[in-house]
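Note that this note's numbering has the sequence shown beginning at 214, numbered continuously upward.
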Amino acid sequence: MSLLTGIGVCPGVAVGPLVRMAEPVPEPTAGPPEVADRDAERATIRPAMEGVATELRSRAEKAEAETKAVLEATSYMAEDPGLLDLAETGVTDRGLTAARAVYEAANTFRDMLAAAGGYIGARVADVEDVRDRIVAAVLGIPMPGIPDPGHPFILAAHDLAPADTATVDPDKVLGFVTTEGGPTSHTAILARTLGIPAVVACPGALSLAEGTTVVLDGGAGTLDPAPNDAATLDAEKRMAARRGAQHVWRGEGATADGRRVLLLANVGDTVSARAAADAGAEGVGLFRTEFLFLDAATEPTVKEQEESYAEVFGAFPRRKVVLRTLDAGADKPLAFLDQGEEPNPALGVRGLRVAFDRPDILDRQLVAVANAAERTSAEVWVMAPMVALASEAAWFADRVRAQGLRTAGVMVEVPAAALCARQILGVADFASIGTNDLAQYTLAADRMAGPLAELNDPWQPALLRLIQLTGQAGAETGKSVGVCGEAASDPVLAVVLVGLGVVSLSMSARVISEVGELLKTVTFDECTRLAGLALDAADAQGAKARVRTELPQLAELGL
């Protein structure tokens, strides 16, 4: 059988038997006969929903920061009063079975979210997962989830739901391969958090027979469904090499000839910040602050924000922490901010654009940041999301400095910001490239749309050219340009990014040592040459293949 190709989202190689996710919970039968005792049937719904919510919260307590936040939000869906009312009405008014009533009620919510699009639309899979769990609870059948065959395996699935990802045992799951999803899917986030090799958007993976021995290459983005003895032995050697190379990073990021590259971490709360510090991160390149806001019924007070920020700053004494101001709006609606519906939330009033309408929210956040910074020795930088114009960057920088914060920067997520990076860096102190949004806007491909996952591959040459423009602007103005999108989590792509002029890389804490070890093997001139090979490729797969071919040390490092 020929090699199957997808998008590699976490480097490393895995060899082992392929095990497929169990089939989803079947759709409950619609139509007659009506239930005989509607009151008794209706009474089964509430305990089923409460049980699912409790289980999800239990899983959240054991999960990493990003997965924890998603699971907690999903648990609220499981006991949503509106969902309960709609399901119970289906039983009492229409005579539906409890399972069918839950199914139809959840689908009503699902369709509403899908119509909203953007961040809200991306929660469709979460609603379907909650729906299936409640239906399973009502019917008394096993919950969907990760299989346990009793031995290590490579997991194949359509995609993984948040509740699935929280129960993964990295000692048993050697790697992931999914037919759907993309670089920003739950599967991709989980793989990078755990450091497990993963390939997404890989057609054909689920057509393989259960138990088939396969070789998964998360760096190359391939699945070998019929490896020969030599390929299997090579994969086993690379697995052993990667295990030996993985360690807590205790050095400074630099190329072989001494060019400094700051190796930073992406964090969202105190727990992930401390984990990043323990993993050897040199600081924080992206402190996401929206988690404090998204599930809040009212705007968090200045004091509440200050306490949250101070805890993260405190994990990195005398080191850089780059805080991103509130990144919410049309695509991530806030309960306390009634913006109404927008036809295209991803292109709507989001990020800094919310602050233009409500500068008071931004100002209160900046006051909290300044107060927290004064309480710690961290070097606090502040940046705004969704900046498109130099005038917007200047407006933001003025407000940051008015609060006594010295370093104000911007996220480069909009192609216009990359194209005018020199003008923007004329008024801002630094830029940080968010490759996830920059890819979807550059390639006109919704990053949540599975069929468009290939276009959102951070190896796309068009995306790399915009990064190069931004890096050149940084060199011309003497300003720092970093990458805090998922691209920085790929050690091979990290080498290319340095060649494009990036001076700091922010990533999942688990991959810092791998990025650092690979950078130590190449000079800056080699980074520049490899970047040129990627820029001249016809597509993302070609760009990645060209660069990997030029790095024989990848096998030694298990990448």
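In this text, a Cβ means the ideal position worked out from N, Cα and C, and glycines have one as well.
Three-state secondary structure (DSSP) at I258? Taking the first residue of the sequence shown as 1, we reach residue 258 at position 45. Assigned with DSSP and collapsed to three states, I258 falls in helix.
Y316 to P239 span [Cα, whole Å]: Locating residue 316 in the sequence shown gives position 103, counting from the first residue. Locating residue 239 in the sequence shown gives position 26, counting from the first residue. Note on geometry: alpha-carbon atoms of Y316 and P239 lie some 10 Å from one another.
Quick one: residues in its chain with C-beta nearer than 8 Å to the C-beta of V640, no 5 flanking neighbours on either side, listed in chain order? The residue labelled residue 640 in the question sits at position 427 within the sequence shown. Result list for V640: A603, A606, A607, A610, in chain order.
So what does DSSP say about G221, is it helix, strand or coil? As a working note, residue 221 is residue 8 in the sequence shown. If DSSP states are grouped into helix, strand and coil, G221 belongs with the strands.
For the alpha helix (DSSP H) that contains W608, what are its first and last residues? Stepping through the sequence shown from its first residue, residue 608 is reached at position 395. Looking at the DSSP string, the run of the alpha helix (DSSP H) that includes W608 is 603 to 615.
Output the boundary residues of the beta strand (DSSP E) element that contains S645. Position 432 of the sequence shown, counted from the first residue, corresponds to residue 645. Start and end: 643 to 646.
Restricting to Cα atoms, I'd like to know which of D361, D430, E495 is closest to A758. As a first step, residue 758 must be located in the sequence shown, where it is residue number 545. Minimum Cα distance to A758 is reached at D430.
For Q766, count neighbouring Cβ atoms within 10 angstroms of its own Cβ and tell me buried if that reaches 16, exposed if not. The residue you call residue 766 lines up with position 553 of the sequence shown. The residue in question, Q766, is exposed, as its Cβ has fewer than 16 Cβ neighbours within 10 Å.
For I347, the three-state DSSP class (helix, strand or coil): Here residue 347 refers to the residue found at position 134 of the sequence shown. Shown here, I347 sits in a helix according to DSSP, grouped into three states.
How many angstroms separate the CA atom of G564 from the CA atom of R577? Position 351 of the sequence shown, counted from the start, is the residue given in the question as residue 564. Position 364 of the sequence shown, counted from the start, is the residue given in the question as residue 577. About 15 Å.
Give me, in chain order, the residues of the same chain whose beta-carbon lies closer than 6 Å to that of P365; leave out the 5 immediate sequence neighbours on both sides. Taking the first residue of the sequence shown as position 1, residue 365 is located at position 152. Result list for P365: G229, K385, L387, in chain order.
Coarse secondary structure for V337, derived from DSSP in three states: Your numbering for residue 337 matches position 124 in the sequence shown. Here V337 sits in helix by DSSP.
Say whether the region 736 to 754 touches the region 676 to 686, bearing in mind that this needs 3 or more beta-carbon pairs closer than 8 Å, one atom from each stretch. Output reads yes: the region 676 to 686 touches the region 736 to 754.
Going by the beta-carbon positions, is the gap between P357 and A349 smaller than 8 Å? For the purposes of this step, residue 357 is taken as the residue at position 144 of the sequence shown. For the purposes of this step, residue 349 is taken as the residue at position 136 of the sequence shown. With respect to the 8 Å criterion, P357 and A349 are classified as neighbours on the basis of their beta carbons.
Among V709, A261, G295, A291, which one has its Cα closest to the Cα of P355? Sequence index remark: in the sequence shown, residue 355 carries index 142 (1-based). It is A261 whose Cα lies nearest to the Cα of P355.
Would you mind giving the Cβ-Cβ distance between L476 and V694, rounded to the nearest angstrom? I have them listed as a contact below 8 Å. Indexing the sequence shown from 1 puts residue 476 at position 263. Indexing the sequence shown from 1 puts residue 694 at position 481. Between L476 and V694 a beta carbon distance of about 15 Å is seen, past the 8 Å cut, so the two are scored as non-contacting.
So, with DSSP's three-state summary, where would you put F504? For the purposes of this step, residue 504 is taken as residue 291 along the sequence shown, with counting starting at 1. If DSSP states are grouped into helix, strand and coil, F504 belongs with the helices.
By DSSP, does D442 sit in helix, in strand, or in coil? In the sequence shown, residue 442 corresponds to position 229, counting from 1. Of the three classes helix, strand and coil, the one that applies to D442 here is helix, per DSSP.
How many Å lie between E520 and K275 at the Cα? Locating residue 520 in the sequence shown gives position 307, counting from the first residue. Locating residue 275 in the sequence shown gives position 62, counting from the first residue. Between the C-alpha atoms of E520 and K275 there is a straight-line separation of about 23 Å.
What are the partner residues of G729, as DSSP defines its beta bridges? Counting from one through the sequence shown, the residue named residue 729 turns up at place 516. According to DSSP, which records beta bridges pairwise, G729 is partnered with nothing at all.
Leaving out five residues before and five after V735 in sequence, what residues of the same chain have Cβ atoms less than 8 Å from its Cβ? As a first step, residue 735 must be located in the sequence shown, where it is residue number 522. Hits under 8 Å: T468, A469, V708, L743, L764.
Please classify M720: is it buried, with 16 or more other beta-carbons within 10 angstroms of its beta-carbon, or exposed? Looking up residue 720 in the sequence shown gives position 507. It is buried - the Cβ of M720 has at least 16 other Cβ atoms within 10 Å.
Pairwise C-alpha distance: G771 and A453: Along the sequence shown, read from residue 1 onward, the residue named residue 453 stands at position 240. Along the sequence shown, read from residue 1 onward, the residue named residue 771 stands at position 558. Taking the Cα positions, A453 is about 7 Å away from G771.
Distance CB(E740)-CB(V711) smaller than 8 Å: Along the sequence shown, read from residue 1 onward, the residue named residue 740 stands at position 527. Along the sequence shown, read from residue 1 onward, the residue named residue 711 stands at position 498. Position check: residue 740 holds Cys in this sequence, whereas Glu was assumed. Contact flag set, yes.
Which of the three DSSP states, helix, strand or coil, is assigned to A311? Residue numbering aside, residue 311 sits at position 98 when the sequence shown is read from its first letter. A311: helix per DSSP, three-state reduction.
Who are the Cβ neighbours of L665 in its own chain at under 7 Å, not counting the five residues just before and after it? The residue labelled residue 665 in the question sits at position 452 within the sequence shown. Within the same chain, and ignoring the five residues on either side of L665 in sequence, the residues whose Cβ sits closer than 7 Å to its Cβ are A658, D659.
Report the three-state DSSP secondary structure of K545 (helix, strand or coil). Looking up residue 545 in the sequence shown gives position 332. K545: coil per DSSP, three-state reduction.
I'd like to check one pair, A586 with L575: are the Cβ atoms closer than 8 Å? Residue 575 sits at position 362 when you count from the first residue of the sequence shown. Residue 586 sits at position 373 when you count from the first residue of the sequence shown. No; because the gap between Cβ atoms is not below 8 Å, this pair is not in contact.
On the three-state DSSP scale, how would you describe K533? Position 320 of the sequence shown, counted from the first residue, corresponds to residue 533. Correct three-state label for K533: strand.
How many whole angstroms separate the CB atoms of L579 and R619, which I take to be in contact at a CB cut-off of 8 Å? By one-based count along the sequence shown, residue 579 stands at place 366. By one-based count along the sequence shown, residue 619 stands at place 406. That pair is no contact at about 12 Å.
Starting from the N-terminal side, write out each stretch of the alpha helix (DSSP H) that is 4 residues or longer and does not extend beyond the region 480 to 504. Segments of the alpha helix (DSSP H) lying fully in the region 480 to 504: 483 to 491.
Considering only C-alpha positions, which residue in the set A581, E592, I646, A319 is nearest to Q681? Within the sequence shown, residue 681 is the residue found at index 468, counting from 1. The shortest Cα separation from Q681 among A581, E592, I646, A319 belongs to I646.
Complete alpha helix (DSSP H) runs within the region 680 to 759 (minimum length 4 residues, chain order): As far as the region 680 to 759 is concerned, its whole alpha helix (DSSP H) runs of at least 4 residues are 704 to 712, 725 to 732, 737 to 748.
By a C-beta neighbour count over all protein chains shown, 10 Å radius and 16 as the cutoff for buried, is S420 buried or exposed? Mapped onto the sequence shown, residue 420 falls at position 207. Counting Cβ neighbours within 10 Å, S420 comes out exposed, since fewer than 16 surround it.
Pair within 8 Å by beta-carbon distance, F504 and A591: To locate residue 504, count along the sequence shown from 1; it is residue 291. To locate residue 591, count along the sequence shown from 1; it is residue 378. Taking a C-beta distance under 8 Å as the contact criterion, F504 and A591 do not qualify as a contact pair.
Three-state secondary structure assigned by DSSP to I359: By 1-based counting over the sequence shown, the position of residue 359 is 146. If DSSP states are grouped into helix, strand and coil, I359 belongs with coil.
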